[in-house]
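Each remark here refers to the structure printed beneath this line.
Number of protein chains: 2
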Amino acid sequence: MASLGANEATHLRLQALTRYVGARSGDSRVTDNSASQVVLVVEGAVKLIASASAGRTQVMGFYFKDDFIYVPARETHAYNLCALKDCELVAFPATEFIRLAQSDKTLNNNFLSHLLRALSRCREKSLALGQKTARERVATFLVSMAERIGAPFSNGALLDLPMSRRDIGDNIGLTIETVSRQMTELRNAGLVSTSGRSQVKILDLAALKQEAGHLSGLS
Amino acid sequence: MASLGANEATHLRLQALTRYVGARSGDSRVTDNSASQVVLVVEGAVKLIASASAGRTQVMGFYFKDDFIYVPARETHAYNLCALKDCELVAFPATEFIRLAQSDKTLNNNFLSHLLRALSRCREKSLALGQKTARERVATFLVSMAERIGAPFSNGALLDLPMSRRDIGDNIGLTIETVSRQMTELRNAGLVSTSGRSQVKILDLAALKQEAGHLSGLS
DNA sequence: CGTATGATTTGATACAGATCAAGGACTTCC
DNA sequence: GGAAGTCCTTGATCTGTATCAAATCATACG
């Protein structure tokens, strides 16, 4: 809980609220969704999924060690956390958490900045889903993963992706087949190489960012 | 500024930071984007647009009276506010605003809840852009507008949309032609009626929500 | 009022990505 | 280490929405 940066008094009160959650890979409905929750990933990786009607699911995001997640209560759509590997999570009821954060600046700041980052990422994703081609979306996804869980490597990064092609597809609004085809094309273009199902080596991050449709240098 | 709910001392300090912005309909780049800003809509309506490469723009959202907007500094994509009608706005540098919010619980709470709502809406949009058909997206858009700026009316709502079909399209990831066709179909299905360019009458909100792909009643 | 001008609607065609259908590769578990 | 099962890749076809093109409608202005 050190990562929350909370002071001693807050720490104790947080502990009282805490619901530790150990989750096995593949577990879903990890948290209660009758009330909004704030979840901290202590260890492992999870996905946040939203369900529309007709069984369609959108992976809203992937979260890793030290990430906060705001999981809203069920509304027009249902949200659920789902473990991608064995996890250690800490969950708080959102209202309690926010009340507590009011008396602890560090905690409040932490929460606020995580929230702003979440919003920025969500907007980036909206842009991708609304405007980008399949190729650009896959490139965008890889760039984002490189920044979040990549190990630096030459001009690129080494990735060990904990999620399946289906998860990736559900995250960027494509089918598994399209994701696969785009990966193949990126491989053929010499931008990435892969080994096994989860290992991805980004060979040229700058070029991949170009493919991702990021704004370059000037205004 | 009453809507910020800030106390007297905060109020005075906010005033010192405040940059009032009057904007005419159609004005863009209303705010500085070299630093992140927090903007409050005092009067009018604005859109937040993001630009990817190749001149493509995504309308991240529409904002109305009393809405907060967090406008991030230019990063991988550029964000800009753009007035949909004559506006009265108040802009603060985000870092200053946040620092100030730390010493005023009401302001902090206000900001936090607006941020959570923004995140929820952004996630709803991601779901729509990633999973929904054109028909569902247009229905979703109309439902959302009804909830935010609609005047109750029988089983539905009356809307006076301040944005163009292009704006709508850029918001939900469709072309103007597709938006138009879907509106026509909804009209033919008897769910809405229109008059002029901006007046929309939602005749059956429940049915429209069904079209929008919202989760209905049970689990 | 009529006219100009841009916005919207409608129609025809094209294409990116979905869907359907095998085949091949990695893991896991016995 | 072999078999089974799952996940991933590749290929063929289909479809929803984009694109291109034209007509029609609102709104502003003379």
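Quick mapping for you: the protein sequence lines, in order, are chains L and Y. 1 is the number of the first residue of the first sequence in the numbering used here; add one for each residue after it. 1001 is the number of the first residue of the second sequence in the numbering used here; add one for each residue after it. Glycine included, each C-beta is placed from N, C-alpha and C at the ideal position.
Residue of the options minimising C-alpha distance to residue i
i	options	result
E1043 of chain Y	Y:R1029, Y:I1049, Y:K1065, Y:R1165	Y:K1065
N1033 of chain Y	Y:Q1199, Y:E1075, Y:T1175	Y:E1075
L1112 of chain Y	Y:R1121, Y:N1007, Y:A1101	Y:A1101
R1181 of chain Y	Y:R1121, Y:V1138, Y:A1050	Y:V1138
F68 of chain L	L:G169, L:N110, L:H77	L:N110
G1055 of chain Y	Y:K1047, Y:G1156, Y:A1078	Y:A1078
L158 of chain L	L:S164, L:I149, L:R166	L:I149
A1146 of chain Y	Y:P1162, Y:L1107, Y:R1166	Y:P1162
A1073 of chain Y	Y:K1209, Y:Q1199, Y:T1095	Y:T1095
T31 of chain L	L:Q58, L:A91, L:L40	L:A91
F153 of chain L	L:A206, L:K132, L:Q210	L:A206
R197 of chain L	L:L208, L:N188, L:E124, L:V179	L:V179
A45 of chain L	L:I172, L:S164, L:R187	L:S164
D167 of chain L	L:K47, L:N188, L:S103, L:K132	L:K47
L208 of chain L	L:M183, L:E124, L:V39	L:M183
F1097 of chain Y	Y:V1039, Y:R1123, Y:K1132	Y:V1039
N80 of chain L	L:G169, L:Q210, L:A35	L:A35
E1211 of chain Y	Y:D1104, Y:D1160, Y:S1144	Y:S1144
T1140 of chain Y	Y:L1215, Y:T1194, Y:K1105	Y:L1215
T1133 of chain Y	Y:S1028, Y:T1175, Y:Q1199	Y:T1175
D170 of chain L	L:T57, L:S28, L:V21	L:T57
N1007 of chain Y	Y:P1093, Y:S1028, Y:S1103	Y:S1103
Integer Cβ distance of residue i from residue j, believed to fall under 8 Å
i	j	result
V192 of chain L	L142 of chain L	7 Å
L129 of chain L	S1126 of chain Y	6 Å
G1190 of chain Y	L1203 of chain Y	6 Å
A1052 of chain Y	L119 of chain L	Not quite, the Cβ-Cβ distance comes to about 18 Å (not below 8 Å), so this is no contact.
G61 of chain L	R99 of chain L	Not really, about 25 Å apart at Cβ, beyond 8 Å.
V59 of chain L	Q37 of chain L	Contact flag wrong, Cβ pair sits at about 18 Å.
I49 of chain L	C82 of chain L	6 Å
V41 of chain L	L89 of chain L	6 Å
R1135 of chain Y	E1177 of chain Y	14 Å between Cβ atoms; not a contact.
K1201 of chain Y	G1173 of chain Y	Their Cβ separation, rounded to whole angstroms, is 25 Å, which puts K1201 of chain Y and G1173 of chain Y out of contact at 8 Å.
D160 of chain L	Q199 of chain L	6 Å
Under 8 Å by beta carbon: chain Y residues contacting residue i
i	result
M60 of chain L	R1123, S1126, L1127
Q102 of chain L	K1105, N1108, N1109
S53 of chain L	G1213, H1214, L1215, S1216
L115 of chain L	L1112, L1115, L1116, L1119
Which residues DSSP lists as bridging residue i, in chain order
i	result
E185 of chain L	BP columns for E185 of chain L are empty, so no partner.
K1047 of chain Y	Y:F1062, Y:C1082
T1194 of chain Y	Y:V1200
S1028 of chain Y	Y:C1082
P93 of chain L	L:Q37
D1160 of chain Y	Y:Q1199
V1071 of chain Y	Y:Q1037
T1057 of chain Y	Y:S1051
A151 of chain L	L:L158
Residue i: contacting residues in chain Y (beta-carbon distance under 7 Å)
i	result
E148 of chain L	In the sequence on display, residue 148 of chain L carries Arg and not Glu. None at all; the shortest Cβ gap to chain Y is about 14 Å.
I98 of chain L	L1112
A78 of chain L	L1215
R220 of chain L	Any answer about residue 220 of chain L is impossible in this case: the structure gives chain L only from 1 up to 219.
Cross-chain neighbours of residue i in chain L, by beta carbon under 9 Å
i	result
T1178 of chain Y	Correct list: empty, because the minimum Cβ distance to chain L is about 13 Å.
L1186 of chain Y	Here the premise fails: no neighbours, minimum Cβ distance about 18 Å.
R1197 of chain Y	Here the premise fails: no neighbours, minimum Cβ distance about 23 Å.
Within chain Y, the residues that residue i reaches when beta carbons sit closer than 9 Å
i	result
S120 of chain L	Y1070, P1072, E1075
Interface partners of residue i on chain L, CB under 8 Å
i	result
G1173 of chain Y	L129, G130, Q131
Chain-ordered neighbours of residue i on chain L, where CB pairs are closer than 7 Å
i	result
A1050 of chain Y	R123, L127
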